[in-house]
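K.L.:
In the working numbering, the protein residues as written are 37 to 460.
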């Protein structure tokens with residue numbers, strides 16, 4: 037029995053959970069010998085769903101494992117994550133995606149849905165075994181070469197055509213490779229002053245423009261990963277106005293941080309796509325609020341210390357994000373008045389689950405639904421302490437930053453995975 041939780045920020049209510057399902061919701065429900073959890077002042081949200089997570093296993097267990105990554109997910113309020121394919125070996129066969137899926141089942145902290153590679157070895161030259169991955173025990177429906185762009189238009193067209201057979205979606209990392217050779221940060225005023233090679237906005241926008249046209253041409257589904265520029269927002273808005281089946285995500289860090297931080301030369305701020313300008317950040321917030329951008333996805337990208345604590349040009353790109361995502365969204369979107377908690381639940385639970393088709397997740401907090409729940413203290417304020425993270429890596433751009441809110445409890449089908457902010 038969860039007492040006095042504010043569902044989606046509404047009036048306090050009790051939530052009775054029986055056999056992994058929400059059995060009853062109401063004020064002052066009669067106790068029936070259940071374990072009681074006081075949730076006074078806490079917001080109850082459906083379990084969050086991340087469509088873009090790097091769990092690094094197999095191959096880079098020094099950075100993250102499925103177990104450590106799912107622990108981090110649970111601490112961040114996530115009950116399901118989608119594991120990207122850029123592992124070693126690449127998740128481009130039924131065997132590898134089934135391995136990741138089984139590791140997820142064994143971890144038990146949240147559900148893990150593998151994403152399959154679009155091309156063999158992420159090399160962009162020939163399609164991977166999309167049908168075999170779709171038919172495997174992992175039931176893969178989302179395919180991405182994330183970390184690399186499917187830059188060959190013919191390969192991208194074939195992938196979009198192929199996934200139609202089983203209702204799949206291609207998630208594109210939009211980065212024109214020739215325009216970004218050697219790129220270190222956003223191309224603009226700051227890159228010019230620092231003398232770092234620039235990653236121009238047009239390298240993202242040109243691929244998105246091509247791919248929305250391809251998706252429309254073949255009548256397929258396109259998802260745009262980690263959209264980061266104001267121009268990309270306009271292209272997605274135009275595609276949606278045409279009625280094309282295009283969805284898009286934004287990361288928490290692109291909603292809060294700008295390329296001004298790169299002046300420190302601290303490689304914790306090195307990420308792909310790069311941190312952009314203040315104008316881009318404001319456009320992304322507006323687009324998330326008005327629904328042009330469908331979801332928030334973490335792009336949780338753990339790296340060991342030696343890959344980050346080095347000179348900028350040699351450093352790896354990426355940031356951890358699972359354990360801070362909800363706080364960053366509160367800071368950027370809720371505390372600024374752009375979104376309410378019901379809209380947060382839609383963008384971080386219902387919509388990502390709908391895009392991937394993952395069963396049992398993204399469901400409303402209502403009677404008869406699976407008890408995938410998060411209790412969140414939105415009144416909390418505190419400095420981010422990466423040393424307390426569950427992830428194996430510490431490459432967070434928020435170290436020491438005061439952020440609002442903290443996850444108090446996470447329930448997966450009624451089982452407590454986090455209580456009082458600590459893993460069970």
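Note that the Cβ used here is the ideal one computed from N, Cα and C, for glycine as well.
Run the CB neighbour count on residue 356, radius 10 Å, all protein chains shown included, and call it buried at 16 or more, exposed below.
P.N.:
Reading the chain shown from its first residue, position 320 is the one you call residue 356. Classification for residue 356: buried.
K.L.:
In this structure, how does DSSP classify residue 374 when only helix, strand and coil are distinguished?
P.N.:
The count along the chain shown starts at 1 and reaches residue 374 at position 338. Looking at residue 374 - three-state DSSP - the assignment turns out to be coil, as it is neither helix nor strand.
K.L.:
When the distance is taken between beta carbons, is residue 385 closer than 8 Å to residue 149?
P.N.:
Within the chain shown, residue 149 is the residue found at index 113, counting from 1. Within the chain shown, residue 385 is the residue found at index 349, counting from 1. It is not a contact, given that the beta carbons lie outside the stated cut-off.
K.L.:
Assuming residue 420 contacts residue 360 under a Cβ cut-off of 8 Å, what Cβ separation, rounded to an integer in Å, is found between them?
P.N.:
Here residue 420 refers to the residue found at position 384 of the chain shown. Here residue 360 refers to the residue found at position 324 of the chain shown. About 6 Å; that satisfies the 8 Å criterion.
K.L.:
Does residue 80 come out as helix, strand or coil in the three-state DSSP assignment?
P.N.:
Here residue 80 corresponds to residue number 44 of the chain shown, with the count starting at 1. Strand, per DSSP.
K.L.:
Considering only residues of the same chain and omitting the five flanking positions on each side of residue 369, which have a CB-CB separation below 6 Å?
P.N.:
Sequence index remark: in the chain shown, residue 369 carries index 333 (1-based). Here the set comprises 375.
K.L.:
Smallest Cα separation from residue 250: which of 416, 387, 430 and 186?
P.N.:
Start at 1 with the first residue of the chain shown, and residue 250 comes out as number 214. Taking only the C-alpha atoms, the option nearest residue 250 is 186.
K.L.:
Between residue 328 and residue 97, what straight-line distance do the alpha-carbon atoms span, to the nearest angstrom?
P.N.:
Here residue 328 corresponds to residue number 292 of the chain shown, with the count starting at 1. Here residue 97 corresponds to residue number 61 of the chain shown, with the count starting at 1. Between residue 328 and residue 97, the C-alpha separation is close to 36 Å.
K.L.:
Residue 204 to residue 191, Cα distance in whole Å?
P.N.:
Stepping through the chain shown from its first residue, residue 204 is reached at position 168. Stepping through the chain shown from its first residue, residue 191 is reached at position 155. Cα to Cα, the separation comes out at about 16 Å.
K.L.:
Report yes if the CB atom of residue 189 is closer than 8 Å to the CB atom of residue 215, and no otherwise.
P.N.:
Your numbering for residue 189 matches position 153 in the chain shown. Your numbering for residue 215 matches position 179 in the chain shown. No, the Cβ-Cβ distance between residue 189 and residue 215 is not below 8 Å.
K.L.:
Using a Cβ distance threshold of 8 Å, determine whether the segment 434–451 contacts the segment 411–418, with at least three qualifying pairs required.
P.N.:
Enough Cβ pairs lie closer than 8 Å, so yes.
K.L.:
Can you give me the C-alpha to C-alpha distance between residue 210 and residue 243, rounded to a whole angstrom?
P.N.:
What you label residue 210 is simply residue 174 of the chain shown in a count that begins at 1. What you label residue 243 is simply residue 207 of the chain shown in a count that begins at 1. Roughly 5 Å separates the two Cα atoms.
K.L.:
So what's residue 24 in DSSP terms, helix, strand or just coil?
P.N.:
Since the first residue shown for the chain is 37 and the last is 460, residue 24 is missing from the structure and cannot be characterised.
K.L.:
Does the separation of the CB atoms of residue 57 and residue 458 fall below 8 Å?
P.N.:
For the purposes of this step, residue 57 is identified with residue 21 of the chain shown, where counting begins at 1. For the purposes of this step, residue 458 is identified with residue 422 of the chain shown, where counting begins at 1. No; because the gap between Cβ atoms is not below 8 Å, this pair is not in contact.
K.L.:
Quick check: residue 258 and residue 269, are their CB atoms within less than 8 Å of each other?
P.N.:
As a working mapping, residue 258 is identified with position 222 in the chain shown. As a working mapping, residue 269 is identified with position 233 in the chain shown. It is not a contact, given that the beta carbons lie outside the stated cut-off.
K.L.:
Quick check: residue 340 and residue 99, are their CB atoms within less than 8 Å of each other?
P.N.:
Sequence index remark: in the chain shown, residue 340 carries index 304 (1-based). Sequence index remark: in the chain shown, residue 99 carries index 63 (1-based). In contact: residue 340 and residue 99 (Cβ atoms closer than 8 Å).
K.L.:
For residue 241, which residues of its own chain have a beta-carbon under 7 Å away from its beta-carbon, when the five flanking residues on both sides are left out?
P.N.:
Locating residue 241 in the chain shown gives position 205, where the first residue counts as 1. The answer, listed in chain order, is 265, 267, 268 and 271.
K.L.:
Got a sec, what are the start and stop residues for the alpha helix (DSSP H) residue 33 sits in?
P.N.:
Residue 33 is absent from the model: the chain starts at 37 and stops at 460.
K.L.:
Taking residue 8 and residue 87 to be in contact with their CB atoms under 8 Å, please state how far apart those CB atoms are, rounded to whole angstroms.
P.N.:
This structure cannot speak to residue 8, because the chain is shown only from 37 to 460.
K.L.:
If you follow the beta strand (DSSP E) that residue 396 is in, where does it begin and where does it stop?
P.N.:
As a first step, residue 396 is located in the chain shown; it is residue number 360 there, counting from the start. Run containing residue 396: none; DSSP gives neither H nor E here.
K.L.:
Taking a contact to mean a Cβ-Cβ separation below 8 Å, would you say residue 118 touches residue 199 in this structure?
P.N.:
Along the chain shown, read from residue 1 onward, the residue named residue 118 stands at position 82. Along the chain shown, read from residue 1 onward, the residue named residue 199 stands at position 163. No, the pair does not count as a contact, with Cβ atoms beyond the cut-off.
K.L.:
Find the nearest neighbour of residue 426 within the set 311, 102 and 291, judged by alpha-carbon distance.
P.N.:
Sequence index remark: in the chain shown, residue 426 carries index 390 (1-based). The candidate whose alpha carbon is nearest that of residue 426 is 102.
K.L.:
So what does DSSP say about residue 320, is it helix, strand or coil?
P.N.:
In the chain shown, residue 320 corresponds to position 284, counting from 1. It is helical.
K.L.:
Inspect the beta-carbon positions of residue 295 and residue 364 and report whether they are closer than 8 Å.
P.N.:
Residue mapping note: residue 295 aligns to position 259 of the chain shown, counting from 1. Residue mapping note: residue 364 aligns to position 328 of the chain shown, counting from 1. Cβ distance not < 8 Å, so residue 295 and residue 364 don't count as in contact.
K.L.:
Spatial neighbours of residue 53 within its chain, please: C-beta separation below 6 Å, excluding the five flanking residues on both sides.
P.N.:
For the purposes of this step, residue 53 is taken as the residue at position 17 of the chain shown. Once the five neighbours on either side are set aside, the close Cβ partners of residue 53 are 407 and 450.
K.L.:
Can you give me the C-alpha to C-alpha distance between residue 371 and residue 338, rounded to a whole angstrom?
P.N.:
Working through the chain shown from its first residue, we reach residue 371 at position 335. Working through the chain shown from its first residue, we reach residue 338 at position 302. Distance between the alpha carbons of residue 371 and residue 338 is about 28 Å.
K.L.:
Ignore the nearest five residues each way along the sequence and tell me which others in residue 38's own chain have a CB closer than 6 Å to its CB.
P.N.:
Stepping through the chain shown from its first residue, residue 38 is reached at position 2. Contacts found: 51, 73 and 75.
K.L.:
Is it the case that the segment 112–132 contacts the segment 146–161, given that we only count it when at least three CB pairs across the two stretches are under 8 Å?
P.N.:
A contact exists between the segment 146–161 and the segment 112–132.
K.L.:
What are the boundary residues of the beta strand (DSSP E) that includes residue 258?
P.N.:
In the chain shown, counting from the first residue as 1, residue 258 sits at position 222. Per DSSP, residue 258 belongs to the beta strand (DSSP E) from 258–260.
K.L.:
Grab the span of the alpha helix (DSSP H) containing residue 273 for me, first residue to last.
P.N.:
Indexing the chain shown from 1 puts residue 273 at position 237. Where residue 273 is concerned, the enclosing alpha helix (DSSP H) stretches over 266–277.
K.L.:
DSSP beta-bridge partners for residue 515?
P.N.:
Look at the range of the chain in this structure, 37 to 460, and you will see that residue 515 is not part of it.
K.L.:
Give me the residue from 160, 146, 162 and 172 with the minimum Cα distance to residue 132.
P.N.:
As a working mapping, residue 132 is identified with position 96 in the chain shown. Comparing Cα-Cα distances from residue 132 to each of 160, 146, 162 and 172, the minimum goes to 172.
K.L.:
If I measure Cβ to Cβ from residue 136 and keep anything under 8 Å in the same chain, skipping five residues before and after, which residues do I get?
P.N.:
One-based indexing of the chain shown puts residue 136 at position 100. Around residue 136: 91, 93, 94, 102, 119, 123, 127, 148, 150 and 174.
K.L.:
Would the beta-carbon of residue 401 fall within 8 Å of that of residue 79?
P.N.:
Counting from 1 along the chain shown, the entry for residue 401 is found at position 365. Counting from 1 along the chain shown, the entry for residue 79 is found at position 43. For residue 401 and residue 79, no; Cβs fall outside 8 Å.
K.L.:
How many angstroms separate the CA atom of residue 326 from the CA atom of residue 89?
P.N.:
One-based indexing of the chain shown puts residue 326 at position 290. One-based indexing of the chain shown puts residue 89 at position 53. Each residue's Cα considered, the two are about 25 Å apart.
K.L.:
DSSP has residue 332 in a bridge; who is on the other side?
P.N.:
Against the chain shown, residue 332 aligns to sequence position 296. Residue 332 is bridged to 286.
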